[in-house]
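Written below as structure tokens is the structure these notes are about.
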Amino acid sequence: MTKISSEEVRQKAVHAITRLDYSERQVAEIFGVSARTIRRWVTQYKEEGQLAPKPHGHKKALFSADDVARVRELLLEQPDMTLEELRQALHTNASLASVCRLRQRAQTTRKKRNAP
């Protein structure tokens, strides 16, 4: 029942409730969203006076472009570097999975060590 809604749809829905005395359930059926979504829109309109969708949060990247370049340099010097060694060389406490993704962003593949 989830549907991405434009600001115009939100305005029409809130107008139907606040001015035309439709119920939340009726408006939800008309616009194909849940009654909870309609309630959220009405609350947002009353509290903020506008109905623009709120921005979706994105985490700041853990590693910068400089880190990617540094990984490339490190792996050119020592291609058999493990993820743990790479993490230590970068002076970070990021998870090994994050370091692995960083190495992938640097577009390098892992060289396996030869068996002793």
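Residue numbers (this note's numbering): 137 to 252. Every residue gets a Cβ at the ideal spot worked out from N, C-alpha and C, and that includes glycine.
Neighbourhood of residue i by C-beta, 6 Å cutoff - its chain only, sequence neighbours within 5 removed
{"i": "Leu232", "result": "Leu219"}
Nonlocal neighbours in the same chain, by C-beta distance under 7 Å from residue i, ignoring five residues either side
{"i": "Ala149", "result": "Val163, Phe167, Ile174 and Trp177"}
{"i": "Ala171", "result": "Glu160, Arg161 and Ala164"}
{"i": "Gln253", "result": "Since the first and last residues shown for the chain are 137 and 252, residue 253 lies out of range."}
Residue i in three-state terms, based on DSSP
{"i": "Ser231", "result": "coil"}
{"i": "Tyr158", "result": "coil"}
{"i": "Ile242", "result": "It should be pointed out that residue 242 corresponds to Ala in this sequence rather than to Ile. Ala242: coil per DSSP, three-state reduction."}
Buried or exposed by the 16-neighbour rule on C-beta atoms within 10 Å, applied to residue i
{"i": "Arg155", "result": "exposed"}
Contacts around residue i, its chain only, beta-carbon distance under 8 Å, and the 5 residues preceding and following it disregarded
{"i": "Arg239", "result": "Val207, Leu211, Leu219, Leu222 and Arg246"}
{"i": "Gly185", "result": "none"}
{"i": "Glu213", "result": "none"}
{"i": "Met217", "result": "Leu210, Leu211 and Ala225"}
Among the options, the one whose alpha carbon lies nearest that of residue i
{"i": "Lys182", "options": "Cys236, Asp202 and Ile153", "result": "Ile153"}
{"i": "Ser142", "options": "Val169, Gln214, Asp157 and Pro189", "result": "Pro189"}
{"i": "Ser200", "options": "Gly193, Val235 and Thr179", "result": "Val235"}
{"i": "Glu209", "options": "Ala242, Asp157, Val169 and His151", "result": "Ala242"}
{"i": "Ala230", "options": "Asp216, Asp203 and Pro215", "result": "Asp203"}
{"i": "Val145", "options": "Tyr158, Val169 and Asp216", "result": "Val169"}
Near the ligand ZN: residue i beta-carbon under 7 Å from a heavy atom
{"i": "Val178", "result": "This structure lacks the ligand ZN, and indeed carries no ligand of any kind."}
### Task
May I have a chain-ordered list of the alpha helix (DSSP H) segments no shorter than 4 residues that lie completely inside the region 144-200?
160-167 and 171-184
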